[in-house]
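Colleague: Note that our numbering gives residue 893 to position 99 of the sequence shown, counting from 1, and the numbers run on in steps of one. Using N, Cα and C, we set each Cβ at its ideal position, and we do this for glycine too.
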Amino acid sequence: MDSIITAIIQGIVEGLTEFLPVSSTGHLILSGKLLGFTGEKADTFEIIIQLGAILAVAVIYYRRILALFGLASSKESSAPATSHKLNLIHIILACLPAMVLGLVLHSVIKNYLFSPYTVLIGLVVGGVFMLYGQKRQATVQAEGIDELSYKQAFLIGLFQCLALWPGFSRSGATIAGGLLIGASYRAATNFSFLVAIPMMIAASGYELLKSYKLLTADDAMFFLTGFVVAFVVALLAVLTFLKLLERFKLAPFAYYRFVLAAVFFIYLISS
795 MDSIITAIIQ GIVEGLTEFL PVSSTGHLIL SGKLLGFTGE KADTFEIIIQ
845 LGAILAVAVI YYRRILALFG LASSKESSAP ATSHKLNLIH IILACLPAMV
895 LGLVLHSVIK NYLFSPYTVL IGLVVGGVFM LYGQKRQATV QAEGIDELSY
945 KQAFLIGLFQ CLALWPGFSR SGATIAGGLL IGASYRAATN FSFLVAIPMM
995 IAASGYELLK SYKLLTADDA MFFLTGFVVA FVVALLAVLT FLKLLERFKL
1045 APFAYYRFVL AAVFFIYLIS S
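1) Taking all protein chains shown into account, do 16 or more other C-beta atoms lie within 10 angstroms of the C-beta of residue 834, making it buried, or fewer, making it exposed?
2) Please name the residue, chosen from 865, 921, 975, that lies closest to residue 944 on a Cα-to-Cα basis.
3) In whole angstroms, give me the CA-to-CA distance for residue 912 and residue 837.
4) How about residue 880 and residue 949: do their beta carbons lie closer than 8 Å?
5) Is it buried or exposed for residue 1046, if we count other Cβ within 10 angstroms and need 16 for buried?
6) Rounded to whole angstroms, what's the CA-CA distance from residue 812 to residue 805? Just pull it up for me.
7) At the level of alpha carbons, what is the spacing between residue 840 and residue 861?
8) Exposed or buried, what is residue 1003 when buried is set at 16 or more other beta-carbons lying within 10 Å of its beta-carbon?
9) Write down the C-beta distance between residue 1044 and residue 946 rounded to the nearest angstrom, noting that I regard them as a contact closer than 8 Å.
10) Decide if residue 924 is buried, meaning its Cβ has at least 16 other Cβ atoms within 10 Å, or exposed.
11) Since I believe residue 803 is in contact with residue 825 (beta carbons under 8 Å), could you give me their beta-carbon distance rounded to a whole number of angstroms?
12) Hey, quick one: how far does the alpha helix (DSSP H) through residue 824 stretch, first residue to last?
13) Let's see if you can read the secondary structure: which residues bound the alpha helix (DSSP H) around residue 960?
14) Output yes or no for whether 8 Å exceeds the beta carbon distance between residue 986 and residue 1005.
15) Expressed to the nearest angstrom, what Euclidean distance is found between the alpha-carbon atoms of residue 873 and residue 830?
16) Within 8 Å, do at least three Cβ pairs link the segment 883 to 897 to the segment 982 to 996?
17) So what's residue 1011 in DSSP terms, helix, strand or just coil?
18) Counting beta carbon pairs with one atom in the segment 907 to 921 and one in the segment 1013 to 1022, are three or more of them shorter than 8 Å?
19) State the DSSP-derived secondary structure class of residue 1056, mapped to helix, strand or coil.
20) Please name the residue, chosen from 995, 1059, 1048, 1040, that lies closest to residue 846 on a Cα-to-Cα basis.
21) Applying the criterion that 16 or more other CB atoms from any shown protein chain within 10 Å of the CB defines a buried residue, is residue 871 buried or exposed?
22) What separation, rounded to the nearest whole angstrom, lies between the Cα atoms of residue 854 and residue 1064?
23) In angstroms with no decimal places, state the Cα-to-Cα distance between residue 1062 and residue 901.
24) Between 997, 917, 960, 959, which has its C-alpha nearest residue 1057's C-alpha?
25) Residue 977 bridges to which residues according to DSSP?
26) For a quick check, are the C-beta atoms of residue 814 and residue 892 less than 8 Å apart?
27) To the nearest whole angstrom, what separates the beta carbons of residue 920 and residue 962, a pair I think is in contact under 8 Å?
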């Protein structure tokens, strides 16, 4: 029963934070420490529940994903005739920088950056970057996702590299970065979520290939519980976040990160 409760809690944490600009990796590391749930099994569990969160976003954006492969028309079709309507090249350009850098620095990141203290640094610095992106937002050149240029897609991909530091937040880096290079909140957010799908599949798949032997039949219910909880919570979280961002922008999420970092810093130095 304790393990199922842990699976539910971690599934909720993953679902709530994976696509919000607050860092799911950071939250899972911190919550895992609180629950005493660490080690190889915990790492494998995180991969499984991330796949649940990915599935949630794929369900929400299924029409857009099909459109990328020419299998359906997208609901959003306001792109000017002179623009490059969103296609696979945009996605590839946005994914390449972080994928390449992530492979090159994988061992360094896993060995030196996955600790509570480095996560706290990422939370604070990422929050500052989000506030900067909101304050210094460039003149909007891409109101909708179909108006993003190849150059903007690549630049967002470069900003995504900042999220290789656990705690920085992939969505926070890409949305704030998108604002700095002329994307609207709506365009930056939708593009961030779409790019998350191949990025997370690649990262989770890579890690799963290395740790699949840790999966056993005895843990099936534990992993399944976390997967389902993460899927349901992520589905609700993404739909809610899209509405909240239009109203509150990035600042409340940045301030939340500062408060969380302060609380856990006090906890860590006192424990």
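Modeller: In terms of the structure at hand:
1) Residue 834 should be labelled exposed.
2) 975
3) 17 Å
4) Their beta carbons are not under 8 Å apart, which means residue 880 does not touch residue 949 by this criterion.
5) exposed
6) 10 Å
7) 30 Å
8) exposed
9) So it is not a contact: roughly 18 Å between Cβ atoms.
10) buried
11) Yes, they are in contact, since the Cβ atoms of residue 825 and residue 803 sit about 7 Å apart, within 8 Å.
12) Segment 818 to 829, the alpha helix (DSSP H) holding residue 824.
13) Residue 960: not part of any alpha helix (DSSP H); DSSP gives it neither H nor E.
14) no
15) Residue placement at residue 873 cannot be trusted, given a pLDDT of 38 that sits under 50; the coordinates are not used to answer.
16) yes
17) helix
18) no
19) helix
20) 995
21) The pLDDT assigned to residue 871 is 42, lower than 50, so where the model puts this residue is not dependable, and the model offers no usable value.
22) 42 Å
23) Looking at the two C-alpha atoms, the distance is approximately 25 Å.
24) 917
25) 936
26) It is not a contact, given that the beta carbons lie outside the stated cut-off.
27) 4 Å
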